[in-house]
Amino acid sequence: MRSYPGDDFVVSPTLQAWRGVQIEAPAAAVWPWLAQVRLAPYSYDWIDKPRPPFTPTVGGSARAPSRGAFTTAGGRKLGRIVSVGPGRQLTSTIMGAFMSYVLVPQEPDTTRLLLKVVMQTTRWAALGLSVGDLVMARGQLLNLKQLAERHHQGLAAE
């Protein structure tokens, strides 16, 4: 069984949720998009409002993620990055939940982007949070997939 960096921060989680998506791009092409997850949630705009507009770009002015840096949600600093393995994983915490995003290279130009959310809370809250996270994480992972694939295909066409 795969271990995730967020597991080190929650001893007895009542919520453990795994998500994943296959991306038709190498991990090196996915990482720049994932590294920006701390700036904007990448999920559904109609749920994430109000937040300042964010247009993700590769090679922009965004600093590389670092341990201790703030993450934003709804335009507010609500979380922190707790672990970074550049090009491999990014783990952050927000409102008591720890989210580990892990890049797993597959075929030469394919990557599995895995997300594990862990949290210690009541069982009823865990049930509600896992359903809400399913919707939000799906939107987030699909947006990351689309951005990385589109950018990678554009580079390959050049």
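Sequential numbering from 6 applies to the sequence shown in our numbering.
Don't be surprised by glycine CBs; every beta carbon is placed ideally from N, CA and C.
Query	Result
Three-way DSSP call (helix, strand, coil) for leucine 95 in this model	strand
Beta-carbon separation (whole angstroms), arginine 43 vs proline 10, contact threshold 8 Å	Contact doesn't hold; Cβ gap of about 15 Å is too wide.
Sequence-distant residues of its chain with Cβ nearer than 7 Å to serine 97 (five each side left out)	Arg43, Thr76, Gly84, Arg85, Ile86, Val87 and Met104
Burial state of lysine 82 (16 or more Cβ within 10 Å)	exposed
Cβ-Cβ separation, leucine 147 to glycine 25 (assumed contact under 8 Å), whole Å	Not quite, the Cβ-Cβ distance comes to about 11 Å (not below 8 Å), so this is no contact.
Residue range of the unbroken alpha helix (DSSP H) whose run includes proline 110	Segment 102-110 is the beta strand (DSSP E) holding proline 110; no alpha helix (DSSP H) there.
Bridge partners - phenylalanine 166, DSSP secondary structure assignment	Only positions 6 to 163 of the chain appear in the structure, and residue 166 is not among them; the question remains open.
Nearest-angstrom Cβ-Cβ length linking tryptophan 38 and leucine 152, presumed shorter than 8 Å	5 Å
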